Structure formats: C-alpha cells, structure tokens
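For the sequence shown, the positions run -32 to -1, 1 to 366 when mature numbering (1 follows the signal peptide of the UniProt record, and there is no 0) is used.
Every residue gets a Cβ at the ideal spot worked out from N, C-alpha and C, and that includes glycine.
Just so we're clear, the structure is a prediction, and the values are computed from it rather than from any experiment.
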Amino acid sequence: MAFFSINNAACRRAALLLIVTLFLSSIHATMAGRKSRKASVRMNVIDRCWRRDVNWRSNRQKLATCSVGFAGKMWNNIGGGIIHYQVTDPSDDPVNPRPGTLRYGASKLRGKVWITFKNDMEIKLQKSLMVSSFTAIDGRGASIHIAGGGCFVLYKVTNVIIHGLKFHDCQAQSPGLIMGPDSGILPVNWGDGDAIRLVTASKVWIDHNTLYDCPDGLIDVTRGSTNVTISNNWFRNQNKVMLLSHDDGSVRDKNMRVTVAFNHFGPDCTQRMPRVRHGYAHVVNNLYLEWGKYAIGGSMNPSILSESNLFVAPNSENKKVTWRQDINVQGRTPWRVYSVNDVFENGAYIKKPPNANIQAKPRPQYNREQFFRVVSGRFVRDLTKNAGALRCTPRSRC
Ligand SMILES: *[C@@H]1O[C@H](CO)[C@@H](O)[C@H](O)[C@H]1NC(C)=O
C-alpha cells in the first residue's frame, strides 16, 4: 500500500511536471509565433499595401492609395477620366514632343495621366522635363533610365507621383524653350542638373527611385513647395543629396513639410540627407550607410524630427550625424533637430541640442491620410532592403 501511494505521489508529480512542461512550451510556441509574425511584417507600410499582389500589373492604380506622410494619399491621380498612356519611344523633342514619348505624356497631355513604359529604355532628355499636375509616372515592369540629359522639374504643379525610375548623370541645362506643364511653352532658365527639382510644387510623392551621380543635387524641394513624401528611394554616389529649401531668403519655405521615409542613403553619399532650411522635415526609418561629411544638416531655423533611423557611421572620424551652419546672428534661434529612437552603429552619434528639455518635440501631426506607424530602428535594414527602382519580372511580384 505504502509502495502504491509513493508511486501514486510520484505519478502525480510526474503528471504535474508534464502539465507545467506543456504549459511552458505552449507559451514558448505562442511567443515564437509572435516572433515569426513580426519577422514577416518587415515589408514597410507602403510596400505592404501593393507589393504582395501578384496582379499588381492589372491593379497599378492601387499604388496611389499606398502613400503616407505629408503627401497623403494620391486619390486625385486615379478615378474617373484617367488617361492611360504608354511610353513606346525613348526619343525626345522639348518643344514638339511626339506621341509615344515620355514628354508627350508628362507635359502635353492634360488631366489625370498614368504613364507606363512598354519596355526597358534609356531616355536622354534634350531639356528638363516639366511634369504636369495629376500625372503619375510609373516605371514598374521596365528598367527606365533618365540619364545623360535633362531631368525632371515640377514647376507650380500638384498631385504628382514619380515611381520606379533610375536617374543618373543628369546634365545642367542652358536656358531655352520647353513644353509644359500642360502643353504651354515656357522659357526656362534653371536646371542645375538636379535629378528631380520641385519649384512651388505641392502634394508630390517620390517613391522607389534610384538616384546617383548628378552634377548638383538629386532632389531639391524649393520655393514654397510643400506636402511632399520622399520614400523607398536609393540614393548613392552623390555629393549633395537632398536639399529642402534652397536659399536662406526663401521665407515662404517656413510652411514646407516633407516626409523622408524608408530611403537607403549610401554608399558614397557626402552630405545633405537632407539639408533643411526654414521648414519641417520628418526623417524616419531611413538607412544611412556611411557619409562623407554628415547625414542631416540645416540652417535658418528648420525643425527636423529624426525618428527611428539607422545611422551607420563611416570608418573615418566623421561620426557625427548632424551638421549645422553656425549662425551667430542675433535674435535667430538655432536649428532644432530632435532625435527620437534613432539607432547608431560604428560610433555614430547625434549631439543633443543644448536645451534638451524642450518637451515640445515637433510631431508631424499627420492626418488620417498621412499617418503611419513608425517601426523600430532595429528593423530598418529590412524595411529598406528593396529601396530604389524595383525589378519586377513579368508575371511576378515586384
Ligand atoms: C498641404 O496639405 C494640407 C493638408 O494636410 C492642406 O491643408 C494644405 O492646404 C496643403 N498645402 C498646399 C500648399 O497644398
């Protein structure tokens, strides 16, 4: 009997142990499940919106609903009256564009135009291309180089999407006549050789482009431009990468609001990722793989919220992420850069502003159309893994 009861107790203990083991392992399994779910959510919020669709080709306009940040959703680029235009001819005439060329679709056609490309092309623009309002240029499915000539100018336009193009070796332009936007002929005297230049433009989304090796900057946002999202681009091999407001006197750029998200900077970028004057920039979830002089800079009292980026410093001594122009002009408050949850590697650091107790960190205050969840900086490598123009093979996902 005694033997039995001991045995019984041993049995109970064994049973209890088994239950505890099962319970613990089920908790473990749940946690592992959570972990793997987390791992598979690593496509960023914009890409997740359309890239998982194998039929993205027949649902191209879905893209317009995927933007976030200050550009908001691009509803005005889709819907009734949209013209589907396909580029079949890589040639260019800046004043009398032929049907089939990029300039015909981007500068001559009016209204909502969604531009795609028949096949891979290298387009050497004879002059800067003036993109019209309500125009989407969608390079998905082809390898499109805008190279060796003029590049894009967005002059007094709104509701523009530029997606999936490769800009490089843009050339500075001499003054001359150019068509557009909306088929007017303009005498144009700017064109420093930026890849994409915004001049008094608003509601612009620049997504998944690859940009490198241009004589001036890659993207310039100037003269009262605002409501811009620059996302998922790959910037490399460039001295001056991105300028948000181009001169100290441009007071109307105080209202400039730009979101810079999920971009990949590097290798071989020297400075201005971005450089900001006057306005507000939300720089979030970007990957910085080294820099020559600095990553983020500013002057003229801008506000920059640097949030959950990954900064990998160069091996040189330039470990400091930020640069600011020393302004000792009286009455001018210094620039404000707020670093929130940024991740630093290889010795990278941001110097906190001297009065770091400013609680009023300038949140972007996005509305519903602009809002997105910021992801931990630890996942930035995954979020930006496919930055730049995507290679979308026929009948496959991008
Ligand atoms: C920018 O977007 C906001 C909405 O977020 C809008 O109120 C404002 O008018 C826009 N500015 C311009 C210049 O389009």
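Asked, Found
"Chain-order list of residues whose beta-carbon lies under 7 Å from that of S(-7) (same chain, five-residue window excluded)", "Any reading at S(-7) must be qualified, since the residue scores a pLDDT of 45, below 50, and its modelled position is unreliable; the value itself is stated next. Cβ within range, chain order: n/a, list empty."
"Nonlocal neighbours in the same chain, by C-beta distance under 7 Å from R346, ignoring five residues either side", "V311"
"Pair within 8 Å by beta-carbon distance, T126 and S101", "yes"
"Sequence-distant residues of the same chain with beta carbon closer than 8 Å to R71, five excluded per side", "D60, D61, P62, P65, L93, L97, M147, G148"
"DSSP-derived helix/strand/coil call for W291", "strand"
"Bridge partners - H52, DSSP secondary structure assignment", "W82"
"G40: CB within 7 Å of a non-hydrogen atom of ligand 1", "yes"
"Same chain, Cβ closer than 7 Å to N44, neighbours up to 5 away in sequence not counted", "F102, N127"
"Residue range of the beta strand (DSSP E) that includes C237", "237 to 239"
"Residue burial classification, H52 (beta-carbon count within 10 angstroms, cutoff 16)", "exposed"
"Integer Cβ distance of V13 from R341, believed to fall under 8 Å", "7 Å"
"Exposure label - N177; buried when at least 16 CB within 10 Å", "buried"
"R28 to T197 span [Cα, whole Å]", "19 Å"
"Secondary structure of N354, DSSP reduced to three states", "coil"
"Span of the beta strand (DSSP E), counted from its first residue to its last, around V172", "170 to 175"
"K288 CB to nearest heavy atom of ligand 1 below 7 Å", "no"
"The region 74 to 94 / the region 251 to 265 touching (three or more Cβ pairs under 8 Å)", "no"
"Closest residue to W202 among V81, H232, C17, L273 (Cα-Cα distance)", "H232"
"Inside the region 253 to 280 only - beta strand (DSSP E) runs reaching at least 3 residues", "255 to 257, 264 to 267, 271 to 275, 278 to 280"
"Backbone CA spacing between D15 and A32 [nearest angstrom]", "12 Å"
"Distance CB(N277)-CB(V348) smaller than 8 Å", "yes"
"Buried or exposed by the 16-neighbour rule on C-beta atoms within 10 Å, applied to L212", "buried"
"DSSP three-state assignment for N195, whether helix, strand or coil", "strand"
"Through-space distance from L145 to I187, alpha-carbon basis", "23 Å"
"Check whether N168 and S142 have beta carbons under 8 Å apart", "Correcting the residue type first, residue 168 is Thr in the shown sequence and not Asn. Going by C-beta atoms, T168 is not nearer than 8 Å to S142."
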